[in-house]
Amino acid sequence: MLLCQLNNVAMTRDALISGLPLRHGKLTPALFKRASERANLVSKVIKKPLNAIRAEFLPAVLLLTGEEACLLLGWDADQQNARVIFPELGDAEILISAEELSTRYAGYTLTAKPKFVFDQRTPTVGKVKSRHWFWGALSENRKIYSDVMVAAFLINMFALAMPLFSMNVYDRVVPNRSTETLWVMVIGISLIIIGDLILRTMRGYFLDWASHRIDIKLSAKIMEQVLGVRLEKRPTSVGSFASSLRSFETVRDFITSATITTFIDIPFALIFIIAIGWISLWMVAPVIIGSLIILVYSFTVQSKMHDLSETMYRASAIRNATLIESLVSLETVKSLGIEGQMQRKWEKSAAFMTEVSGKLKLLSTSISNTANAITQLINISLILLGVYLVISGDLTMGGLIACTMLAGRALAPISQAAGLMTQYHNASTALTALNDMMQNPIERPLDANFLSRSAFKGDIEFRGVSFSYPGSEFNALTNVSFKIKAGEHVALLGRMGSGKSTIHRLIL
């Protein structure tokens, strides 16, 4: 609040912290950034000694030992005393010696400065780009992913070492009985294997770290959207809405390290194909033809897989809606005697979902089996072609072995990617559903300013209120009028569906 006032930003305390998961009623450094965004402030956590904090960073929040904090406003003329505000003492500015403040300073400073915001008077030229809730979270980790790409390039370059090692052993070491050369090559390939192990471990660690950060941020965003959505946009089916939220797990599983590693390795398959061509141009043909067959078949069934994934998602939503709504309204179900109807609805949706799931798995299995069969046919073709080339003297025995090993490395990511198409379509469908949910208007948009009223009289009055839910042909309330004075206790009585909950929601 003090930072907002000092930066001439009109913001109430409720608007800053509404819905944030405060720890013991206080903001953490991570929550400080989220609260700053609501006030259109650009915040940053910096680690600097007290005497290194420049004047342009002030006013700033200093984190103190003992989970305390203060607001640093500046220094006196001789830089011996600091002008600070402690929240426990109100808004009063006090002087504290630099030495005493330095002993209590924890080493971290939170800065916040207002960012430039266009108002309604500014004409819009073209389409204003907004930060996407999902892709924006991924882009925040682009530095990690760029490092992972470098590691992937080195790993794939190291993968060339073993085929070339085998080729040179069979073509040069064995015919010449050069054991000294063999030991030098063994030491070199061993160092490469150790380096490959280190790079793979680091790549997996950083990918898991990035996925963990993305998961935490997206989970917080989704829950904040759910709790902040306007009541008139609340979904009519709680079970279907819960199914949409569960679909985030599908997206999260898809961006795990194993999946991303497979897709990162696909472009590097070209390196192995080039290496095969360097050994023998004729040996490239089976690999290219086989890869094209795998890709063409995979893309041929994509349209059907996409339709089945969407149908699967909708069927899952219906089944979850039936389950959750039956549990929530169990007393109503029993009182109306519709247990059999709910059971029939559950079994029907479960049977339909099983049928669709079977078709989707059949397509996915066909892609994997086709890729596996074509990979084996490519290996047979390479051996068959290689034998004729060896007999004609256009290829050595070591070159044949190296080409076979390189072909396996080139086809591995392509075959794995083909098998991941089902996960891709499931994640794509889930992301579309989450996008629709994230587009719903919320109670407190970041780009809106709200007036604050310190006190309310507390009277509630309805004057000829009529209301109908979205998609309903009938009014839930028609011409309702009443007045409840502050301090009065009123009970709403009526049969099921008479509008009691609707009145309660409208009051809120």
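Okay, so the sequence shown: first residue is 38 according to the numbering used here, each after it adds one. All residues carry an ideal CB built from backbone N, CA and C; glycine is no exception.
Residue burial classification, residue i (beta-carbon count within 10 angstroms, cutoff 16)
{"i": "I83", "result": "exposed"}
{"i": "H462", "result": "buried"}
{"i": "M260", "result": "exposed"}
{"i": "P212", "result": "exposed"}
{"i": "A309", "result": "Looking at the sequence provided, one finds Phe at residue 309 rather than Ala. Looking at its Cβ environment, which holds 16 or more other Cβ atoms inside 10 Å, F309 is buried."}
{"i": "D128", "result": "exposed"}
{"i": "Y506", "result": "exposed"}
{"i": "G163", "result": "Confidence in G163 is poor, its pLDDT being 49 and thus under 50, which makes the residue's placement unreliable; the coordinate value appears in the next sentence. By the neighbour-count rule (16 or more Cβ atoms within 10 Å), G163 is not buried but exposed."}
{"i": "A188", "result": "buried"}
{"i": "I192", "result": "buried"}
{"i": "L78", "result": "buried"}
{"i": "A92", "result": "exposed"}
{"i": "L64", "result": "buried"}
{"i": "I355", "result": "buried"}
{"i": "S139", "result": "exposed"}
{"i": "A114", "result": "exposed"}
{"i": "L147", "result": "buried"}
{"i": "A410", "result": "exposed"}
{"i": "V527", "result": "exposed"}
{"i": "M194", "result": "exposed"}
{"i": "R60", "result": "exposed"}
{"i": "I404", "result": "buried"}
{"i": "P200", "result": "buried"}
{"i": "S80", "result": "buried"}
{"i": "R71", "result": "buried"}
{"i": "T433", "result": "buried"}
{"i": "L399", "result": "exposed"}
For residue i, the first and last residue of its enclosing alpha helix (DSSP H)
{"i": "S372", "result": "L367 to L373"}
{"i": "E384", "result": "E376 to S429"}
{"i": "G225", "result": "T216 to G265"}
{"i": "F195", "result": "R179 to F195"}
{"i": "L545", "result": "Taken as a continuous stretch (DSSP letters only), L545 belongs to no alpha helix (DSSP H), as it is neither H nor E."}
{"i": "H462", "result": "M458 to M475"}
{"i": "N205", "result": "A198 to N205"}
{"i": "L40", "result": "L39 to L43"}
{"i": "R168", "result": "Per DSSP, R168 belongs to no alpha helix (DSSP H) and is neither H nor E."}
{"i": "A322", "result": "V321 to T337"}
{"i": "L307", "result": "A306 to I316"}
{"i": "L268", "result": "That residue, L268, is in no alpha helix (DSSP H); it is neither H nor E in DSSP."}
{"i": "L481", "result": "Sequence check: residue 481 is Arg here, not Leu. Run containing R481: none; DSSP gives neither H nor E here."}
{"i": "I54", "result": "R50 to I54"}
Host beta strand (DSSP E) of residue i (start-end)
{"i": "G501", "result": "I497 to F504"}
{"i": "V79", "result": "L78 to K84"}
{"i": "L147", "result": "Y142 to P151"}
Closest by C-alpha distance to residue i, when choosing among the options
{"i": "L244", "options": "T391, M186 and F285", "result": "M186"}
{"i": "V263", "options": "F202, T337 and L471", "result": "L471"}
{"i": "P86", "options": "A67, R120 and A143", "result": "A143"}
{"i": "F519", "options": "F511, S503, I497 and K537", "result": "I497"}
{"i": "R532", "options": "I404, G314 and T369", "result": "T369"}
{"i": "F285", "options": "Y350, G495 and L318", "result": "Y350"}
{"i": "E74", "options": "R168, D113, G103 and L109", "result": "R168"}
{"i": "Q42", "options": "G56, R71, S134 and A149", "result": "A149"}
{"i": "E104", "options": "T515, A135, Y145 and S80", "result": "Y145"}
{"i": "G495", "options": "K258, I521, S363 and N512", "result": "I521"}
{"i": "R446", "options": "A52, W319, W383 and T412", "result": "T412"}
{"i": "T296", "options": "T359, D113, G241 and L110", "result": "G241"}
{"i": "M458", "options": "L443, F291, M48 and L545", "result": "F291"}
{"i": "S535", "options": "A358, E362, T293 and F511", "result": "F511"}
{"i": "W172", "options": "D184, T102 and K258", "result": "K258"}
Opposing strand residues paired with residue i [DSSP bridges]
{"i": "C14", "result": "Given that the chain is displayed from residue 38 to residue 545, the structure contains no residue 14 and the question cannot be resolved."}
{"i": "A119", "result": "W112 and I133"}
{"i": "L514", "result": "F504"}
{"i": "K520", "result": "E498"}
{"i": "K70", "result": "Answer is none; K70 lacks a bridge partner."}
{"i": "S60", "result": "Note that residue 60 is Arg in the sequence shown, not Ser. Answer is K63."}
Heavy atom of the ligand MN within 6 Å of residue i beta-carbon
{"i": "L175", "result": "With respect to the ligand MN, the structure offers nothing, as it holds no ligand at all."}
request  = For the stretch 415–429 and the stretch 323–335, state whether three or more C-beta atom pairs, one from each stretch, are separated by less than 8 Å.
outcome  = Touching, yes, given that three or more Cβ pairs across the two stretches are closer than 8 Å.
inquiry  = Does the structure place the stretch 330–345 close enough to the stretch 473–484 that three or more beta carbon pairs sit under 8 Å?
reply    = The stretch 473–484 is not in contact with the stretch 330–345.
task = Give a yes or no on contact between the stretch 216–225 and the stretch 327–336, applying the rule of three or more CB pairs nearer than 8 Å.
result = No, the stretch 216–225 is not in contact with the stretch 327–336.
message = Taking 8 Å as the cut-off, does the stretch 441–453 touch the stretch 285–303 (at least 3 CB pairs, one atom from each stretch)?
response = Segments in contact, yes.
inquiry  = I'd like to know if the stretch 382–392 and the stretch 431–443 are in contact, where contact means that at least 3 CB-CB pairs between them fall below 8 Å.
reply    = No, they do not touch.
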